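Visitor: One structure coming up, written as structure tokens, with questions to follow.
In our numbering, the protein residues as written are 606 to 1443.
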């Protein structure tokens, strides 16, 4: 039994020891968990504490009475300890509870250090802010204000003295002296970098500083205080007021607190600032020299402060600066005068020049003022001549669409109309319909090879069609040609295969294309239209032109009146549109326009005759013979022609009196011509049949003009001695032999008309840039005289015509012997056809 009892005792002891070890292990784990909770709680309390760490220790460990060591206020530590105590093994609980105050003391010391560190960090951070703000105020302030500098610096010392940590306090004081010194030098650099660099130079060489020890700092402060630094003495105040420079003693004393490296860096900064200021000054002066005149000319004033004479001296030196300043002043004066003149008409500008022109005894000031005005006038007038359309567009912005935004022909027409009217109102001596920039844009599109030619022709002709004034069209074509040549050469330069001849050919093609579009824009648009559309357009044009002839020019008015019943546009707008369409139809029809209109007139006249509405053959004139009958019928025809002419003028809103006079002449001439041709026809018919009666020949000789009778050979068809004289009589000094033989004359083939006289007149006007001349006696257009007659194979072309009065035209052919030669040609051809000449 005894042995069994010993075994049980040993087992119990073993169990007890095992239990103690387990509980000790569990207690250690619980203690570690508690320590971890305390560490986490301290970190969280520190993170959530105020920036200065106030209340950090109290919140964590509460308050302890120092007399008895008992806690009088619990903290987070107590809460965590009380929560951890029940989880401690029972055998270890008392031990753990007994360690509470010891753990509080340890943790309290640790938390106190944290709170103190946090306070130090707070004070340092706040001081850094004050340091930065104060030094910035010094650097941006007036370096001459030493009182303000000393006040700021002393305020910093006062705050540093309240820093709790001695080491931080000492470091902050040394840094404060250095930083304020740097700030003052930077203020000097900002005010006068050159002066600052000179001040830093000797100091750097001596390398004298007072930042090595605290005693040196105190000594320097005492020395500065003894000198009265920071106070305005009468002498110092006078110096500041007179020279506006920092107190040199103060500056040098402050600089002594800088380290050599700081001084070197500041000197580099001063040198860089000096160079930058000089560059800025030069750039500012040069920019103002360049920009100020243009700004003054455009606005009348310069928004910035103009440079002074000293600025020019600083940049260019004494001699050059004075010259540059004088030139600048003169240019600015001219620019101001330009602004005053830019809106004045040309006549007013010339009047100003006359008013300011000094007399022989004028003063130098008057001459200088006149030179200024003359220079401004030359500039303004030169700008107007260089690009008049752009000038008025810039003068009056917003009056029409921006040229860069104009796309439709209607917008081009409105803009061109406005700028031309503005140029005329301003009295420009050179008027252009387009700004050169707009002309360059249109020319570039017209010669762009990437766009199909019909599209280019259609687009440009649409713009020319919108401009109804032919001289403006011609001027537009010239502008586009001048603007297109550089682009054409540029395009040709990229093609190495092009020869100079090819380039010249392209230039000629450009000129021809623009001339075609300007002279006949509707025709150019028609030629570029799809082939299936051209017959439809041609039919419409013929119908319109015939309607104009049938209605004696009233078709447009009738159409406008009818359309006004169904349109919201006014009658005047519709009439202008109809007349524009008729003009375009005439342009598209070309030489066929007049025959179509005459055909319409012939239809109308035939209808009137068939209806008996005519004076021809009335009033007993048909029964009259000889010259009396011819005169009577001619007078009646003249009256009827006057009525027709007046009616046509009424339809076209032209001068009815002039049109009636012209109609009377045409009626009289037409009657004489008609009767004369009838007589000639009878003679020719009789001559061909061999039975020409003498009475008919006498009638022709008595009723027709001498020029008409002379065209028909007399004496039975054989030429008279007078008619044959120039060809057959022997040559004499007074009568040289004919230059054209009979054989050569018979070989001449008459040229058929390829263009109407009206079309030739239009092309002549485009080439010579002036209207076709008028006959001073009749007031009508001069004849289109062919230099080489069409009967002799001359070309029906612009190169073969010239304007002549009717008298000069007849005299030209008479003196050349053309009428006699043509009469003989007809006689010879008749004889050859009848076999009379072998």
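For every residue, glycine included, the Cβ atom is placed at its ideal position computed from N, Cα and C.
Source: prediction; values computed, not measured.
Which first and last residues belong to the beta strand (DSSP E) in which residue 678 is found?
Guide: Reading the chain shown from its first residue, position 73 is the one you call residue 678. 676–678 is the extent of the beta strand (DSSP E) around residue 678.
Visitor: Residue range of the alpha helix (DSSP H) that residue 1373 falls in?
Guide: For this step, residue 1373 is matched to residue 768 along the chain shown. Residues 1362–1373.
Visitor: Beta-carbon separation of residue 1181 and residue 1150 under 7 angstroms?
Guide: Position 576 of the chain shown, counting from 1, holds the residue named residue 1181. Position 545 of the chain shown, counting from 1, holds the residue named residue 1150. No; because the gap between Cβ atoms is not below 7 angstroms, this pair is not in contact.
Visitor: Smallest Cα separation from residue 1421: which of 768, 1401 and 1391?
Guide: Within the chain shown, residue 1421 is the residue found at index 816, counting from 1. The candidate whose alpha carbon is nearest that of residue 1421 is 1391.
Visitor: Would you call residue 790 buried or exposed, if buried means 16 or more other Cβ atoms sit within 10 Å of its Cβ?
Guide: Residue numbering aside, residue 790 sits at position 185 when the chain shown is read from its first letter. Per the 10 Å Cβ criterion, buried.
Visitor: When the Cβ atoms of the region 943–962 are set against those of the region 1019–1037, are three or more pairs found closer than 8 angstroms?
Guide: Yes, they touch.
Visitor: Any idea which residues DSSP pairs residue 1386 with across the strands?
Guide: Locating residue 1386 in the chain shown gives position 781, counting from the first residue. 1379, per the DSSP bridge assignment.
Visitor: From the DSSP output, which residues share a beta bridge with residue 1391?
Guide: Working through the chain shown from its first residue, we reach residue 1391 at position 786. According to DSSP, residue 1391 bridges with 1406.
Visitor: Starting from residue 889 and walking both ways along the alpha helix (DSSP H), at which residues does that stretch end?
Guide: Residue numbering aside, residue 889 sits at position 284 when the chain shown is read from its first letter. Unbroken alpha helix (DSSP H) run through residue 889: 865–904.
Visitor: Just to confirm before moving on: does the CB-CB distance between residue 1401 and residue 1358 stay below 7 angstroms?
Guide: In the chain shown, counting from the first residue as 1, residue 1401 sits at position 796. In the chain shown, counting from the first residue as 1, residue 1358 sits at position 753. Yes; because the gap between Cβ atoms is below 7 angstroms, this pair is in contact.
Visitor: In the DSSP assignment, what residue or residues form a beta bridge with residue 1024?
Guide: Locating residue 1024 in the chain shown gives position 419, where the first residue counts as 1. In DSSP, residue 1024 forms no bridge with anything.
Visitor: In the DSSP assignment, what are the bridge partners of residue 669?
Guide: Working through the chain shown from its first residue, we reach residue 669 at position 64. Answer is 676.
Visitor: At what residues does the alpha helix (DSSP H) containing residue 921 begin and finish?
Guide: Working through the chain shown from its first residue, we reach residue 921 at position 316. It spans 914–921 - the alpha helix (DSSP H) in which residue 921 sits, taken as one unbroken run.
Visitor: Leaving out the 5 sequence neighbours to the left and right, which residues in its chain are closer than 6 angstroms to residue 1124 when beta-carbon positions are compared?
Guide: By 1-based counting over the chain shown, the position of residue 1124 is 519. Once the five neighbours on either side are set aside, the close Cβ partners of residue 1124 are 1371.
Visitor: Short of 8 angstroms in beta carbon distance, which residues of its chain neighbour residue 1050, apart from the five on each side in sequence? Order them along the chain.
Guide: Residue numbering aside, residue 1050 sits at position 445 when the chain shown is read from its first letter. Closer than 8 angstroms at Cβ, skipping near neighbours: 1056, 1061, 1064 and 1065.
Visitor: Under three-state DSSP, which class holds residue 847?
Guide: In the chain shown, residue 847 corresponds to position 242, counting from 1. Low local confidence applies: a pLDDT of 38 at residue 847 is under 50, so the model's placement there is unreliable, and no value is given.
Visitor: With 16 other CB atoms within 10 Å as the buried threshold, where does residue 1058 fall?
Guide: In the chain shown, the residue the question calls residue 1058 occupies position 453. Flag for residue 1058 reads exposed.
Visitor: Would you identify the three-state DSSP class for residue 1132, choosing helix, strand or coil?
Guide: Counting from 1 along the chain shown, the entry for residue 1132 is found at position 527. Here residue 1132 sits in helix by DSSP.
Visitor: For residue 729, which option in 639, 770 and 647 has the closest C-alpha, if you only look at C-alpha atoms?
Guide: Here residue 729 corresponds to residue number 124 of the chain shown, with the count starting at 1. Out of 639, 770 and 647, 770 has the C-alpha closest to the C-alpha of residue 729.
Visitor: What's the gap between the Cα of residue 977 and the Cα of residue 939?
Guide: Here residue 977 refers to the residue found at position 372 when the chain shown is read from its first residue. Here residue 939 refers to the residue found at position 334 when the chain shown is read from its first residue. In a straight line, the C-alpha of residue 977 is about 5 angstroms away from that of residue 939.
Visitor: Using the Cα positions of residue 1143 and residue 979, report the straight-line distance between them to the nearest angstrom.
Guide: In the chain shown, counting from the first residue as 1, residue 1143 sits at position 538. In the chain shown, counting from the first residue as 1, residue 979 sits at position 374. So the two alpha carbons sit approximately 59 angstroms from each other.
Visitor: Throw me the rounded Cβ distance for the residue 740 and residue 784 pair, which I believe falls under 8 angstroms.
Guide: Position 135 of the chain shown holds residue 740. Position 179 of the chain shown holds residue 784. Confirmed, Cβ separation roughly 5 angstroms.
Visitor: Can you tell which of 1426, 1237 and 1145 has its C-alpha closest to the C-alpha of residue 1189?
Guide: On the chain shown, position 584 is the one that residue 1189 refers to. Among 1426, 1237 and 1145, the Cα nearest to that of residue 1189 is on 1145.
Visitor: Assess contact between the region 877–884 and the region 921–929, defined as three or more Cβ pairs (one per stretch) separated by less than 8 angstroms. Is contact present?
Guide: Judged by Cβ distances under 8 angstroms, the region 877–884 makes no contact with the region 921–929, as fewer than three pairs qualify.
Visitor: Which ranges does the alpha helix (DSSP H) cover as unbroken runs of at least 4 residues, wholly within the region 943–1020, from first to last along the chain?
Guide: Those alpha helix (DSSP H) runs which fall completely within the region 943–1020 and span 4+ residues are 951–961, 969–991 and 993–1000.
Visitor: Can you tell which of 966, 932 and 985 has its C-alpha closest to the C-alpha of residue 955?
Guide: For the purposes of this step, residue 955 is identified with residue 350 of the chain shown, where counting begins at 1. Nearest option by C-alpha distance: 985.
Visitor: Measure the CB-CB distance between residue 1069 and residue 1126 and report whether it falls below 7 angstroms.
Guide: Here the question's residue 1069 lines up with position 464 in the chain shown. Here the question's residue 1126 lines up with position 521 in the chain shown. Cβ atoms of residue 1069 and residue 1126: closer than 7 angstroms.
Visitor: Here's the rule: buried if 16 or more other CB atoms are within 10 angstroms of the residue's CB, otherwise exposed. What is residue 1253?
Guide: Within the chain shown, residue 1253 is the residue found at index 648, counting from 1. Buried: at least 16 other Cβ atoms inside 10 Å.
Visitor: Could you have a look at residue 1336 and say whether DSSP puts it in helix, strand or coil?
Guide: Position 731 of the chain shown, counted from the start, is the residue given in the question as residue 1336. Because residue 1336 sits at a pLDDT of 37, beneath the cut-off of 50, its placement in the model cannot be relied upon, and the point is left open.
Visitor: Specify the secondary structure class of residue 1249 as computed by DSSP and reduced to three states.
Guide: Taking the chain shown and counting its residues from 1, one reaches residue 1249 at position 644. Looking at residue 1249 - three-state DSSP - the assignment turns out to be helix.
Visitor: Under the three-state reduction of DSSP, which class applies to residue 1125: helix, strand or coil?
Guide: Along the chain shown, read from residue 1 onward, the residue named residue 1125 stands at position 520. Here residue 1125 sits in coil by DSSP.
Visitor: So does the region 628–642 actually touch the region 692–701, counting three or more Cβ pairs closer than 8 angstroms?
Guide: At 8 angstroms Cβ cutoff, the stretches touch.
Visitor: Could you work out which residue in 1157, 1183, 1156 and 1158 is closest to residue 1169 when comparing CA atoms only?
Guide: Looking up residue 1169 in the chain shown gives position 564. Answer by Cα proximity: 1183.
Visitor: Are the Cβ atoms of residue 802 and residue 745 separated by less than 7 angstroms?
Guide: Against the chain shown, residue 802 aligns to sequence position 197. Against the chain shown, residue 745 aligns to sequence position 140. Cβ atoms of residue 802 and residue 745: not closer than 7 angstroms.
Visitor: Need the endpoints of the alpha helix (DSSP H) that residue 723 sits in, please.
Guide: For this step, residue 723 is matched to residue 118 along the chain shown. Its alpha helix (DSSP H) spans residues 705–745.
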